[in-house]
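Protein chains: 2
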Amino acid sequence: MTIRAAVGGGPQEPAGGRGTITLVGAGLGGSLMAILLGREGYTVRGFEMRPDPRADPRAGGRSINLALSARGMHALGEAGLLDAITALAVPMRGRMIHAPSGETAFQPYGTAAWHANHSVSRADLNIALLNAAERFPNVRYSFGSKCVDVDPDTATLTLLDAATGRGTDVRSDAIIAADGAYSAVRRQLQARDRFDYRQSYLTHGYKELTIPAGADGAFRLEKNALHIWPRGGFMMIALPNIDGSFTCTLFWPFEGPNSFAALADERDVVRFFEKNFSDASPLMPDLAAEYFRNPTGSLVTISCSPWHEAGRVLLLGDACHAVVPFHGQGANAAFEDCVVLRDCLREHAADLGTAFAAFETRRKVHTDALAALSIANFEEMRDHTASRLFRARKSLEKTLHRLFPSWYVPLYMMVTFTRIPYADAVRREARQQRLVGIAAGSILLLLTLALVLCIHGGY
Amino acid sequence: MTIRAAVGGGPQEPAGGRGTITLVGAGLGGSLMAILLGREGYTVRGFEMRPDPRADPRAGGRSINLALSARGMHALGEAGLLDAITALAVPMRGRMIHAPSGETAFQPYGTAAWHANHSVSRADLNIALLNAAERFPNVRYSFGSKCVDVDPDTATLTLLDAATGRGTDVRSDAIIAADGAYSAVRRQLQARDRFDYRQSYLTHGYKELTIPAGADGAFRLEKNALHIWPRGGFMMIALPNIDGSFTCTLFWPFEGPNSFAALADERDVVRFFEKNFSDASPLMPDLAAEYFRNPTGSLVTISCSPWHEAGRVLLLGDACHAVVPFHGQGANAAFEDCVVLRDCLREHAADLGTAFAAFETRRKVHTDALAALSIANFEEMRDHTASRLFRARKSLEKTLHRLFPSWYVPLYMMVTFTRIPYADAVRREARQQRLVGIAAGSILLLLTLALVLCIHGGY
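If you want it as structure tokens, here you go:
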């Protein structure tokens, strides 16, 4: 079967009869997994707690805007959806830093034109994936079905129908759960013995706000950039949408003298934004009302093990490794999971237990590394992007990459523009730093030596 | 009110009317807390999921034998129970190391006669505490009542009665949950936003076994010692009971070639024990049957934050900081919690929210330190107690302590025989180690200097 776009056109032909998989969750990871499983010939019965997002695009709840990078785009390619999704996205080629004075400075992400993140609406992407999944005759989704119990020994999922209040048992060869950071399936596994689990929150929360498009649908800020207002300890970012608007996200502590808790009324909000985001606030006409209308979200990191049980249940994406959004890699990592799982299923088709174990072995070390990178990048974006030293270091990194492209790749570029597994990227970065240190030391030594020789020679 | 034994004698007089506290759990921490709250004059309504242990001493399930040290004994003193509990305990003054050959070597824990751990049956201790608690007219416990829901905003606990299947709501000024590592109250808090939580299991499990008393009630091993069979990667320990028997615990990996999973039948078990515990196995007549009758337990470390919510709900003991048992400090730490909480309630009687926050601030850093110490001590007991280097180091530590008793206190002694808060003990140990290093370096320098002078002087 060739890889081609599954959006538009008639139903897809599956590759041939495989087992039956129950898929929990129709979010980004779940619906992409449905497509890949559908292509492989599995019979997929999907269940989602929320209503169908195609009926109500707001049903998925508000969430941080999405940036797709190399890993995510590659996975979409494997699903035959690269062109379809690229059409929905706005490429961002670097960071636009906004100083408190309103001055801006552009920092390119990479060194080539294709070194871009793709800003896309989570709802648009989800709908495109669901449409593509349901074109497979062997993939079927039900919405408003809440997982209330899991029996790993028989791969039985107990669902509660939101509309009728009736419970149903669904039995299949295996349950794959892509039901997000607050996974109901994981909660069932967690109650069993010897399940390692951690949930850890930042003291910062986030709030989404909007910069609407101009009257003519024009972008009111530079279109092809991720905008950052770094303020030391807190920040706002803005990502472009295809309709000309920007989705802004303010990251700020929940509590304390300078925090969400400190703004009591609309006047406080306007004053805070005028003081800290002087160039953005005039572009936000609905600011104060939106601030109080939109919830303040929390930022969680989740890790657990094992991801699978008895070859019958497997966790995927945020359900087993939710990360904070500061590297823009949450959805990309979930998409990469889908491709790796498909490969593991191809290699061990006859033995789901081995396939699931191989998947965790292949992925967990890398998603653990991503969790640490994502928290580290928060500090970088919030506190360092504004500094001269930071900008000088980024310039030096890019110069080294231009001079020795195969030898030196900055960490951010490895994470964002390559598919080098996350932990390997971290290890390679440490090696690169050592080599740069040795090179700098050697150059210094040679220069000193030359100087000494010059003085000694009387020049 | 004077502090005196509450076991025996008539009902205790409370100190005067305070608020009403709902206490979840009648284990060690819960029942000691009930006594201390009862003494302070709070009205205490306690609920325990299990049946009354006084009706069925086995109802609490099997569990690792208990060693009370300074912290636990001090807390029992605060409850007026020191003499009563001492009468139930066997003092252990050191470790008896059993080599594979059957040879034994005694390593004293400290330098004084009172440097002892007190081995006591968890069931006996629990019953004594419950009896003491229920002598207070203002303390009342119900058994077979399972917590199914918690509303922190109104301090309402929803209970399910095991016998009748009926649900009841209990409302009070605050809920204190001492319901153990698998705390039902914590599970309710955990579902709320921004609750940090971690559960982490060792790959080792444990199994309890018995060395019965001799025909005449005699101890078949040295009575006043904690016995260890360190075998590198695994170990068995044995603690004395007042009836002349020993409770043995085998710590061994769950899976792998040398693990619980590797013993298939009674012949395997006998062969394994004869090979590894040659001096103990002849003392275990029921070994093979008991091995398969008793469950293999898992070993979990739990940490979470916050421990309290809205001045209405507070976690205590294992419910917020379960540790692995290798420092013998789990129950001691829970008892210490009870005393610290009582002190916080005295200092902030009018404001439970402040009292609960002060309790977490005062305790969490120390129970976190204990969690790390407990895991480190597993390696020490299992792998190092048998080595000569380890024994030499322990001897040196004790010599230093004898020479400079107020200046140098070995870490084990600080944890076990003092009430220095755990994290302070860890910091002090690091400082001591640095000073010992400096002293050793200085002595070496002086000796070298003297030697050089001697040679130079021609001697």
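So the protein sequences, as listed, match chains A and B. The first sequence begins at 0 in numbering that gives the first Met the number 0 and counts up one residue at a time. The second sequence begins at 0 in numbering that gives the first Met the number 0 and counts up one residue at a time. For every residue, glycine included, the Cβ atom is placed at its ideal position computed from N, Cα and C.
Asked, Found
"Cutoff 8 Å: Y196(A) Cβ touching any chain B Cβ", "yes"
"L459(B) vs L128(B) beta-carbon contact at 8 Å", "There is simply no residue 459(B) to check, as chain B begins at 0 and stops at 458 in what is shown."
"Where the beta strand (DSSP E) through Y181(A) begins and ends", "Element bounds for Y181(A): n/a, residue is neither H nor E."
"Proximal residues to A217(A) (C-beta, below 8 Å), its chain only, five neighbours per side dropped", "G243"
"Nonlocal neighbours in the same chain, by C-beta distance under 7 Å from D195(B), ignoring five residues either side", "C303 and S304"
"Own chain residues within Cβ distance below 6 Å of Q431(A), not counting five before or after", "Y407"
"Contacts around R361(B), its chain only, beta-carbon distance under 8 Å, and the 5 residues preceding and following it disregarded", "V339 and C343"
"Under 7 Å from the C-beta of R461(B): neighbouring residues of chain A", "Nothing about residue 461(B) can be reported from this structure: the residues present for chain B run from 0 to 458 only."
"Close beta carbons around E359(A), own chain, < 7 Å, minus the five adjacent residues each side", "P305, W306 and H307"
"Inter-residue Cα distance where the pair is Q106(A) and P409(A)", "14 Å"
"Whole-angstrom C-beta distance between L262(B) and K206(B), which should lie under 8 Å", "Not confirmed; about 10 Å, so no contact."
"Rounded distance between the beta-carbons of V169(A) and L159(A), thought under 8 Å", "So it is not a contact: roughly 12 Å between Cβ atoms."
"Pairwise C-alpha distance: D285(A) and R219(A)", "15 Å"
"CA-to-CA distance, N223(B) to D152(A), given in whole angstroms", "47 Å"
"Buried versus exposed, by CB contacts within 10 Å (16 or more), H455(A)", "exposed"
"Interface flag, G255(B) vs chain E, CB-CB below 8 Å", "The structure shown contains no chain E; the protein chains it does contain are A and B."
"Closest residue to A162(B) among M380(B), P50(B) and V23(B) (Cα-Cα distance)", "P50(B)"
"Start-to-end residues for the alpha helix (DSSP H) that takes in T398(B)", "R387 to L402"
"Whole alpha helix (DSSP H) elements within the segment 201-283 of chain A, 4-residue minimum", "265-275"
"Cα-Cα separation between L201(A) and L298(A), rounded to whole angstroms", "6 Å"
"C-beta atoms of G327(B) and G179(B) nearer than 8 Å", "no"
"Stretch-stretch touch, CB-based, cutoff 8 Å, three pairs: the segment 269-288 of chain B with the segment 90-101 of chain B", "yes"
"Proximity winner among A371(A), A370(A), T155(A) and A356(A), relative to L22(A) (alpha-carbon distances)", "T155(A)"
"Simplified DSSP state of A422(B), which is helix, strand or coil", "helix"
"Nearest candidate by alpha-carbon position, reference A88(B), set G28(B), G71(B), S386(B) and I236(B)", "G71(B)"
"Three-state class that DSSP yields for E47(B) in the structure shown", "strand"
"Check whether V268(B) and A287(B) have beta carbons under 8 Å apart", "yes"
"C-alpha gap between R392(B) and L399(B), whole angstroms", "11 Å"
"The segment 107-117 of chain B touching the segment 131-140 of chain B, judged by at least three CB pairs closer than 8 Å", "no"
"Straight-line gap, G316(B) to G255(B) (C-alpha atoms, nearest Å)", "33 Å"
"H320(A) and A354(A) closer than 8 Å at C-beta", "no"
"Inter-residue Cα distance where the pair is A74(B) and G28(B)", "10 Å"
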